[in-house]
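Novice:
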Amino acid sequence: MFDSRKILFVCLLPCSVICLTSEEIRAKPGDNVILQCRGPREGVIELLEWSKPDLKSEDYVFYFRDENVYERYQHPLFRGRVELRDPQMKEGDFAVILKNVTIKDSGTYVCYYGNAGSRLHLISNITLTVRDSGS
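Under mature numbering (1 follows the signal peptide of the UniProt record, and there is no 0), the letters of the sequence shown match residues -27 to -1, 1 to 108, in that order.
1. Excluding sequence positions up to five away, which residues of its chain have a Cβ less than 7 Å from the Cβ of Leu28?
2. Could you check which residue in Asn98, Asn88, Leu93 has the C-alpha nearest to that of Tyr82?
3. Taking Cβ to Cβ, would you say Ser24 is nearer than 9 Å to Val34?
4. Should Tyr36 go down as buried or exposed, given a rule of 16 or more other Cβ atoms within 10 Å for buried?
5. Look up Glu56 in the DSSP assignment and give the residues it is bridged to.
6. Given this structure, state the Cα-to-Cα distance separating Ser106 from Lys77, to the nearest angstrom.
7. Which of the three DSSP states is assigned to Glu64 in this structure?
8. Per DSSP, which residues does Arg(-2) bridge with? Please list them.
9. Kindly indicate which residue of Arg92, Thr100, Met62, Asp66 has the alpha-carbon position closest to the one of Ser79.
10. May I have the straight-line CA-CA distance separating Leu95 from Leu57, to the nearest angstrom?
11. How close, in whole Å, do the beta carbons of Phe67 and Leu21 come, if the pair is a contact with beta carbons under 8 Å?
Pasting the structure below:
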């Protein structure tokens, strides 16, 4: 599924609290890819946002708030193609699976989470490159 993968960890606080991860993923059209995002292992997550800044849109790749997924806030390119890897988000697993990737999916993805009364925390920054095997 992945041709190459590079991960960089930059700890903002002790890793048991928050770590910012940067990752590069290479895939072929039609692959399913996992966009990794690891948050705090304990506590209630009230908001989880996956976005793609290069879309220049207010819509999201994936939007979760108050224990519900809101597809109406998803960009049309991602509707029906993104789901949580672990719907219960156990152990802080906020990763999503992006299904049937296309060349248009190439770009940067960011993952933010928030709790009641706190600002959003950036915890993952992923660069996805989708290319035909002949390119």
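Beta carbons are placed, not taken as given, at the ideal position from N, Cα and C, and that holds for glycine.
Specialist: Well, looking at it:
1. His48
2. Asn98
3. yes
4. buried
5. Ile70
6. 16 Å
7. helix
8. Thr102
9. Thr100
10. 17 Å
11. 6 Å
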